[in-house]
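For the sequence shown, this note's numbering begins at 66 and goes up steadily by one.
Each residue gets a CB set at the ideal place from its N, CA and C atoms; glycine is no exception.
Read the structure below first, then the notes.
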Amino acid sequence: MPPDDDPKALQRALRRSVDAAIAAFLAAQRQRMCDLAPASAALIDMIELIIGGGGKRLRPMLCYLAYRAGGGPDGPEILRAAGSLELLHTFAILHDDVMDQAVLRRGLPALHRRLADERRAAGHPNDADTYGVSVAVLAGDLALVLSDAMMAGSGFDKETVARALVPLEEMRVEAVAGQYVDILEAGDPSTGPEEAARIARLKTAGYSVVGPVAVGTALADPPPAVAEALARYARAVGEAFFLRDEVLGVFADAEETGKDAESDLRRGKPTTLIADAIARSPVARRRVIEGLWGNPEATIADLGVIREIVQASGALGAATTAIGVLVDEAVESLEAVSLMGGTPGRLLAALAGRLR
């Protein structure tokens with residue numbers, strides 16, 4: 066790892082180091098799968114395909130930086146522990162794409178669709194879609210199991226790992242609860258801003274930010290004041306993260322997000338942005354949103370109509386303002402316990418600042 070006086074170099078090196086730790090771990094697991102059944106090693110290839118396809122390594126980075134900011138020393142143990150969260154994310158990606166019937170992931174066909182196409186090309190058209198979904202789910206299952214194995218084998222002592230398992234379990238249970246309610250309430254225009262925010266805190270903020278920071282903090286076991294400051298940082302950044310994610314879901318194109326732009330629209334994903342736009346809009350425009358959001362036949366032109374109404378309602382401006390306030394709160398949390406004096410703290414602040 067580079068010295069702690071160059072945040073950008075540290076970020077680049079961290080990604081390389083985490084990826085190297087994951088690659089070494091998966092190489093051993095590939096041999097294990099080969100020993101069990103040679104064909105099953107293809108599941109490791111699928112996991113590597115998802116990880117190698119892009120992504121920002123946000124969860125490993127937040128875990129690592131919280132650990133370092135909490136006083137934990139650099140070393141292979143934290144890289145392996147942080148890397149386990151990328152395997153957890155891979156599990157979530159694979160299952161989420163199946164549940165959402167996604168077309169794209171990171172600019173490429175979602176794995177279940179790619180597998181279905183390969184099955185058809187191999188001369189098995191009748192069961193191609195079922196095959197694609199089944200194998201993608203199995204690859205996700207394996208990624209989840211291997212995430213646990215990588216954390217357990219990270220090199221930290223049992224007491225330290227046990228401490229980290231508490232927030233790790235919490236973030237996973239919260240994500241499942243949030244995903245269930247997200248599916249349950251998809252396309253329901255009566256979902257208000259408060260309920261949509263509750264879902265997003267469970268499904269997105271906790272899993273993407275609050276949980277990874279809590280895991281890194283637990284591994285470091287810092288003084289209570291530092292632990293609480295990192296938790297406040299995570300709550301603020303988590304909230305800003307899901308608000309930014311919702312804005313991108315409506316206003317970004319497929320090239321920026323790597324997903325088909327209409328996916329949230331067609332599924333009727335409950336978001337605070339849409340719920341707030343409905344609440345702010347006059348009846349006629351409210352009915353337009355309610356008629357389009359959750360329509361499986363919605364087009365990119367319909368998304369353009371939604372964009373115009375959301376912007377005109379003031380919901381976009383309110384979300385953007387809220388993101389700025391939350392980022393400021395996050396940085397202030399770090400400053401309150403003098404964490405901005407070190408590179409991990411400054412890089413945590415920089416990650417928050419990117420959400421503006």
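DSSP places P174 within a strand segment (E or B) once states are collapsed to three. Of the candidates H189, R351, A167, R351 places its Cα closest to the Cα of A377.
For secondary structure counted as the alpha helix (DSSP H) over 4 or more consecutive residues, the segment 323-349 holds these complete runs in sequence order: 328-332, 337-345. Taking a cut-off of 8 Å for Cβ pairs, the segment 129-142 and the segment 279-288 touch, as three or more such pairs fall below it. Beta bridge pairing from DSSP links L169 with P174. In this model, R184 and S199 are separated by some 12 Å (Cα to Cα). Scanning the segment 227-268 from its first residue to its last, the whole alpha helix (DSSP H) runs of 4-plus residues come out as 258-265. P347 is positioned such that its CB atom lies no closer than 8 Å to that of C128. With a threshold of 16 other beta carbon atoms within 10 Å, P125 meets it and is buried. Taking a C-beta distance under 8 Å as the contact criterion, D162 and L176 qualify as a contact pair. The distance from the Cβ of L152 to that of S219 is about 12 Å, inconsistent with a contact at the 8 Å cut-off. Under the three-state reduction of DSSP, H189 is assigned to coil, being neither helix nor strand. Excluding sequence positions up to five before and after G243, its CB lies within less than 6 Å of the CB of I264, L267, K268, all in the same chain and listed in chain order.
A straight-line Cα-Cα distance of about 23 Å links A157 and A296. Taking all protein chains in view, the Cβ of Q76 is crowded by 16 or more other Cβ atoms within 10 Å, so the residue is classified as buried. When C-alpha distances from A107 are compared across R145, Q94, H154, the shortest belongs to Q94. If you ignore the 5 residues before and after R170, its C-beta comes within less than 6 Å of the C-beta of D162, all in its own chain and listed in chain order. Counting the other CB atoms within 10 Å of its CB gives R81 a total below 16, which places it among the exposed residues. Shown here, V200 sits in a helix according to DSSP, grouped into three states.
Setting aside the 5 residues that flank it on each side, R228 is surrounded in the same chain by A283, each with a C-beta closer than 6 Å to its C-beta; the list follows chain order. For L391 against A301, the beta-carbon gap comes to about 5 Å, under 8 Å, which counts as contact. For M405, no alpha helix (DSSP H) run applies, since DSSP gives it neither H nor E. In this structure, L159 lies away from A193, with their beta-carbon atoms at least 8 Å apart. Shown here, L153 sits in a helix according to DSSP, grouped into three states. In this structure, F307 sits away from R372, with a CB-CB distance that is not shorter than 8 Å. Rounded to whole angstroms, the separation of the alpha carbons of N191 and P361 is 24 Å.
In the DSSP assignment, P361 falls outside any alpha helix (DSSP H) and carries neither an H nor an E.
Remark: fewer than three beta-carbon pairs, one from each stretch, lie closer than 8 Å, so the segment 235-251 and the segment 89-104 are not flagged as touching.
Short of 6 Å from the beta carbon of L150, and not among the five residues preceding or following it, lie these beta carbons of its own chain, in chain order: R124, P125, C128, P277. Excluding sequence positions up to five before and after P409, its CB lies within less than 6 Å of the CB of L130, R133, A134, all in the same chain and listed in chain order. Excluding its 5 nearest sequence neighbours in each direction, G379 has C-beta neighbours in its own chain below 7 Å: R345, listed in chain order. The closest CA to that of G382, considering only E327, L180, D341, is found on D341. When rounded, the separation of the alpha-carbon atoms in E293 and Y196 is 46 Å. Bounds of the alpha helix (DSSP H) holding G281 are 276-285.
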